[in-house]
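In our numbering, the protein residues as written are 21 to 141.
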């Protein structure tokens, strides 16, 4: 649904602990070589938004549709990102159990990332 969380911004001081907590809760972190493949299937290139068939599906089903193999108990797919905007397609609204995770160097950068995410959509 539109009100679902889709990006997480974490201070570098606690980033590893947050990542570990996500792993314990059955989140799957896309590997660097999986992100492009995932983006190509997950995002509709004409609109730059989530592809219609992806919305509302489970994390495991989405991964399967994107050609990525995840554990059967995966609840959320996570992409570690460093930017926001058209060059970072998963930084937009995702309408699914897919998160982008950002590491902020400090509170100023965290606020900037959050503002950029809100403005981008």
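For every residue, glycine included, the Cβ atom is placed at its ideal position computed from N, Cα and C.
Give me the DSSP bridge partner(s) of residue 137. Answer is none; residue 137 lacks a bridge partner.
C-beta atoms of residue 28 and residue 123 nearer than 8 Å: It is not a contact, given that the beta carbons lie outside the stated cut-off.
Buried or exposed for residue 114, going by 16 or more other Cβ atoms inside 10 Å? buried
Helix, strand or coil: how does DSSP classify residue 78 here? coil
Environment of residue 94 [buried if 16+ CB atoms lie within 10 Å]: Looking at its Cβ environment, which holds 16 or more other Cβ atoms inside 10 Å, residue 94 is buried.
Apart from the five residues just before and just after residue 21, which ones in its own chain have a Cβ nearer than 6 Å to its Cβ? Only weak support exists for where residue 21 lies, its pLDDT of 45 falling under 50; the value from the coordinates is given anyway. If we look at residue 21 and ignore the five residues flanking it on each side, it has no Cβ neighbours.
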